[in-house]
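Undergrad:
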Amino acid sequence: MKNATLSALLLLVLGGTWAGVAAAQADDETEGGAATSESADEATGDEAAPEEAAPEEPTAEPTEEPTEEIEAPVEEPVEEPPPVEETPTEAATTGLAAPAEGSDEGDTDAEATEEAAEGEGEEESAESEPPPWRNTFFNYTNQFTTNSLWRGAQLSYNPVWQMLFSVVPRWYPGTGGFLRANLGFSLEVTDTDSNALNREPLLNDIVIDYSHPINLGDGFMLMPAARLTIPVSRSSLAAQRYLNLGGQLTAIKIIPEAGNLTLALLGRYSYWFAGSNVTLTSDPQPDICPPAPATQTAGGGTIAPDASLTTCGQFGTTATARHVVLAGLSATMTPVGAFSINLSAFLFLTYGHDLAPAYVNVATSEAPLRIDDGSPTHWQNYTYISLSVAYQFTPWLNMSLGIQNSGNVAPVYDSSGNVYNPLFTPDTQLYLTATFTLDELFVEITGRGEENLTPEQRQRRQQGLAAAPGVGGSF
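Using our numbering, the letters of the sequence shown map in sequence onto residues 27 to 501.
1) Apply the 10 Å Cβ neighbour rule to Gly273 and answer buried if 16 or more other Cβ atoms are within range, or exposed otherwise.
2) Going by DSSP in three states, Pro282 sits in which element: helix, strand or coil?
3) Measuring alpha carbon to alpha carbon, tell me which residue in Ile367, Tyr297, Thr472 is nearest Asn424.
4) Between the beta-carbon of Tyr457 and the beta-carbon of Gln169, is there less than 7 Å?
5) Can you find at least 3 beta carbon pairs, one from the segment 388-403 and one from the segment 417-434, that sit closer than 8 Å?
6) I need the straight-line Cα distance from Thr403 to Thr409, nearest angstrom please.
7) Per DSSP, what kind of secondary structure is Ala264 in: helix, strand or coil?
8) Between the alpha carbons of Val362 and Leu223, how many angstroms are there, rounded?
9) Applying the criterion that 16 or more other CB atoms from any shown protein chain within 10 Å of the CB defines a buried residue, is Pro199 buried or exposed?
10) Comparing alpha-carbon positions, which option in Ser212, Leu275, Leu271 lies nearest Phe299?
11) I'd like to check one pair, Ala265 with Thr346: are the Cβ atoms closer than 7 Å?
12) Which one of Leu175, Val186, Tyr183, Ser212 has the shortest CA to CA distance from Ser192?
13) So, helix, strand or coil for Asp235, using DSSP?
14) Between which two residues does the beta strand (DSSP E) containing Phe211 stretch?
15) Please identify the residue among Leu449, Ser356, Tyr377, Ser370 whose C-alpha is closest to the C-alpha of Arg348.
16) Pull up the distance between the alpha-carbon of Tyr417 and that of Phe163, whole angstroms please.
17) Could you compute how far the alpha carbon of Ser174 sits from the alpha carbon of Met189?
18) Would you call the CB atoms of Ala353 and Leu373 closer than 7 Å?
19) Does DSSP classify Glu149 as helix, strand or coil?
20) If the criterion is Cβ atoms closer than 7 Å, does the pair Leu209 and Tyr236 meet it?
21) Quick check on DSSP: helix, strand or coil for Ala142?
22) Kindly indicate the opening and closing residues of the alpha helix (DSSP H) around Phe468.
23) Evaluate Pro156 with the Cβ neighbour count: other Cβ atoms within 10 Å of its Cβ, from every protein chain shown; 16 or more gives buried, anything less gives exposed.
24) Less than 7 Å separating the beta-carbons of Val258 and Ile232?
25) Please list, in chain order, all residues of the same chain as Ile397 whose beta carbon is under 6 Å from its beta carbon, the five residues on each side excluded.
26) Please name the residue, chosen from Val435, Arg196, Arg267, that lies closest to Ala207 on a Cα-to-Cα basis.
27) If you reduce the DSSP assignment to three classes, tell me which class Thr172 lands in.
28) Taking 7 Å as the threshold (C-beta atoms), are Trp405 and Leu467 in contact?
29) Rounded C-beta distance between Arg253 and Leu228? I'm assuming under 8 Å.
30) Taking the alpha-carbon of Thr307 as reference, which of Leu263, Ile281, Thr288, Asn387 has the nearest alpha-carbon?
31) Is Ala251 buried or exposed, if buried means 16 or more other CB atoms sit within 10 Å of its CB?
32) Quick one: what's got a C-beta closer than 6 Å to Asp217's C-beta in the same chain, skipping five residues either side?
33) When the Cα atoms are used, what is the spatial distance from Thr167 to Thr463?
34) So, is Thr288 buried or exposed, given that buried needs 16 or more other C-beta atoms within 10 angstroms?
35) With Gly245 and Ile281 assumed to form a contact (beta carbons below 8 Å), what rounded beta-carbon distance in angstroms separates them?
36) What are the start and end residues of each continuous alpha helix (DSSP H) run of 4 or more residues lying completely inside the segment 379-424, in chain order?
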């Protein structure tokens, strides 16, 4: 090092003539000096050009550090095989920034790396996976008939105001689908002439279904579902119903370009297992029996039976439903922010139980007279049509206002056989529904996190992607 310093001083004194001699002496006394000086020339560039002796200045102390940095990459290209083994196809793929195809060609190292990455991703997703109980809704609905607003719309002023309450818990078992239940009850606030159970909470049948969405791509989805109904309502108990089993299929198309439009086409079939073909009452009364046929005497006259001596437990003459077929279409659009519009139309086709033959004693015969089931048809048709607007105020609160042609279902034909107006019936109602997402409300209260969902995603989850029509415009 001392000799190198002296050489530098001599170089400054003697000038450019002795520069080569001093550089040679420095190269002989320091290993790799030539390579270091050349590297220094390349590193300094134009700054070293004016004087030939300038490259000698960094050789005083930093000589060993550049040597280590330069020697390492010199040996690496020799040991690295990819540049040598790269095929023209791979080179073209790399140039086009296309995904590598090593795993398809049997690259086990790449597959092992991907599997390890997937395993780490699964562990991270398992840690951050949301709870299985989520997207649970509580619905509160107020609905009243349109005739309540216009006193002269009917002969007798008979307004109807009902309150509906329902809880729809949902469970994701990790199979790609979800299990859902619907539990609720209704309460009529007003005193109507057609109902003797005013201001008495009436339970609805409990509905449990399992749905499994299948993504077909391009915005298409299929959602098959298995459905179970447990009869707990008064009407089901009066009909001695045991169980209802059914299947449902929903085809869904999502069109983001059309205001986030979601179209859902739904079809369902279910069957009621029951012990009676008609609705029965707990206490048989004479005034609820159908009039018995008059008997003809031998002299040509007729004798009407005494109604006070006739008792039965049958409520009305209509058979209860056995087969139920449902078809419908639901369209939901979210054009602006959290504002959405929904239009739903459903057709119910029910096939009632066959009626047993009736036997009547007549005076002209010792054997009773048999009267077979003379019903022209056991099919009964109903509709449900609803138009509503909704707004997602918070992640846990959605409000919807709409109009529906019935609080439950509207018959297609009136008592005289004429077809009802499907949009405006005597039972057409206005309704206001508040939907609370209970798990989101829990997160809001506890501050444990938030789920980044768009308004249209929340609306689809709330509706279950067109689950099924129900009371109060809640599908």
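C-beta: ideal position from N, C-alpha, C; glycine also.
TA: By the coordinates alone:
1) Along the sequence shown, one-based indexing puts residue 273 at 247. Exposed, by the Cβ-count rule.
2) The residue labelled residue 282 in the question sits at position 256 within the sequence shown. Look at Pro282 here: in three-state DSSP terms it is helix.
3) Looking up residue 424 in the sequence shown gives position 398. Looking at the Cα atoms, Ile367 is the closest of the given residues.
4) Here the question's residue 457 lines up with position 431 in the sequence shown. Here the question's residue 169 lines up with position 143 in the sequence shown. Contact: yes.
5) no
6) Numbered from its first residue, the sequence shown carries residue 403 at position 377. Numbered from its first residue, the sequence shown carries residue 409 at position 383. Taking the straight line from one Cα to the other gives about 18 Å.
7) Position 238 of the sequence shown, counting from 1, holds the residue named residue 264. Note: Ala264 maps to helix in three-state DSSP.
8) Counting from one through the sequence shown, the residue named residue 362 turns up at place 336. Counting from one through the sequence shown, the residue named residue 223 turns up at place 197. Going by the C-alpha atoms only, they are around 43 Å apart.
9) Translated into positions along the sequence shown, residue 199 becomes position 173. Taking a 10 Å sphere around the C-beta of Pro199, we find fewer than 16 other C-beta atoms and assign the residue as exposed.
10) Counting from 1 along the sequence shown, the entry for residue 299 is found at position 273. Checking every option, the nearest Cα to that of Phe299 belongs to Leu271.
11) As a working note, residue 346 is residue 320 in the sequence shown. As a working note, residue 265 is residue 239 in the sequence shown. Yes; because the gap between Cβ atoms is below 7 Å, this pair is in contact.
12) In the sequence shown, residue 192 corresponds to position 166, counting from 1. Ser192 has its Cα closest to that of Ser212, out of Leu175, Val186, Tyr183, Ser212.
13) Sequence index remark: in the sequence shown, residue 235 carries index 209 (1-based). Looking at Asp235 - three-state DSSP - the assignment turns out to be strand.
14) Taking the first residue of the sequence shown as position 1, residue 211 is located at position 185. Unbroken beta strand (DSSP E) run through Phe211: 204-214.
15) Counting from one through the sequence shown, the residue named residue 348 turns up at place 322. Nearest of Leu449, Ser356, Tyr377, Ser370 to Arg348, Cα basis: Tyr377.
16) If you number the sequence shown from 1, residue 417 lands on position 391. If you number the sequence shown from 1, residue 163 lands on position 137. Rounded to the nearest angstrom, the two C-alpha atoms are 16 Å apart.
17) Position 148 of the sequence shown holds residue 174. Position 163 of the sequence shown holds residue 189. If you take the alpha carbons of Ser174 and Met189, they lie about 15 Å apart.
18) Along the sequence shown, read from residue 1 onward, the residue named residue 353 stands at position 327. Along the sequence shown, read from residue 1 onward, the residue named residue 373 stands at position 347. Yes; because the gap between Cβ atoms is below 7 Å, this pair is in contact.
19) In the sequence shown, counting from the first residue as 1, residue 149 sits at position 123. Residue placement at Glu149 cannot be trusted, given a pLDDT of 44 that sits under 50; what the coordinates show is reported in the next sentence. Glu149: helix per DSSP, three-state reduction.
20) Here residue 209 corresponds to residue number 183 of the sequence shown, with the count starting at 1. Here residue 236 corresponds to residue number 210 of the sequence shown, with the count starting at 1. No, the Cβ-Cβ distance between Leu209 and Tyr236 is not below 7 Å.
21) Taking the first residue of the sequence shown as position 1, residue 142 is located at position 116. Annotation note: pLDDT 38 at Ala142 (below 50); position unreliable, coordinate value reported separately. Helix at Ala142.
22) The residue labelled residue 468 in the question sits at position 442 within the sequence shown. Element bounds for Phe468: 464-472.
23) Taking the first residue of the sequence shown as 1, we reach residue 156 at position 130. Label assigned to Pro156: exposed.
24) The sequence position of residue 258 within the sequence shown is 232, counting from 1. The sequence position of residue 232 within the sequence shown is 206, counting from 1. Yes, the Cβ-Cβ distance between Val258 and Ile232 is below 7 Å.
25) Start at 1 with the first residue of the sequence shown, and residue 397 comes out as number 371. The answer, listed in chain order, is Ala384.
26) Within the sequence shown, residue 207 is the residue found at index 181, counting from 1. When each option's Cα is compared against that of Ala207, the closest is Arg196.
27) The sequence position of residue 172 within the sequence shown is 146, counting from 1. Taken through DSSP and simplified to helix, strand or coil, Thr172 comes out as helix.
28) Translated into the one-based positions of the sequence shown, residue 467 becomes position 441. Translated into the one-based positions of the sequence shown, residue 405 becomes position 379. Going by C-beta atoms, Leu467 is not nearer than 7 Å to Trp405.
29) The residue labelled residue 253 in the question sits at position 227 within the sequence shown. The residue labelled residue 228 in the question sits at position 202 within the sequence shown. Rounded, the Cβ-Cβ distance is 22 Å, inconsistent with contact.
30) On the sequence shown, residue 307 is found 281 positions in, with the first residue counted as 1. Nearest C-alpha to Thr307 among Leu263, Ile281, Thr288, Asn387: Leu263.
31) Within the sequence shown, numbered from 1, the residue matching residue 251 stands at position 225. Looking at its Cβ environment, which holds 16 or more other Cβ atoms inside 10 Å, Ala251 is buried.
32) Counted from its first residue, the sequence shown places residue 217 at position 191. Exclusion of the five residues before and after Asp217 leaves Asn224 as the residues of its chain whose Cβ lies within less than 6 Å of its Cβ.
33) Taking the sequence shown and counting its residues from 1, one reaches residue 167 at position 141. Taking the sequence shown and counting its residues from 1, one reaches residue 463 at position 437. Rounded to whole angstroms, the separation of the alpha carbons of Thr463 and Thr167 is 15 Å.
34) Stepping through the sequence shown from its first residue, residue 288 is reached at position 262. With a threshold of 16 other beta carbon atoms within 10 Å, Thr288 meets it and is buried.
35) Here residue 245 is taken as the residue at index 219 of the sequence shown, counted from 1. Here residue 281 is taken as the residue at index 255 of the sequence shown, counted from 1. Their Cβ separation, rounded to whole angstroms, is 6 Å, which keeps Gly245 and Ile281 in contact under 8 Å.
36) none
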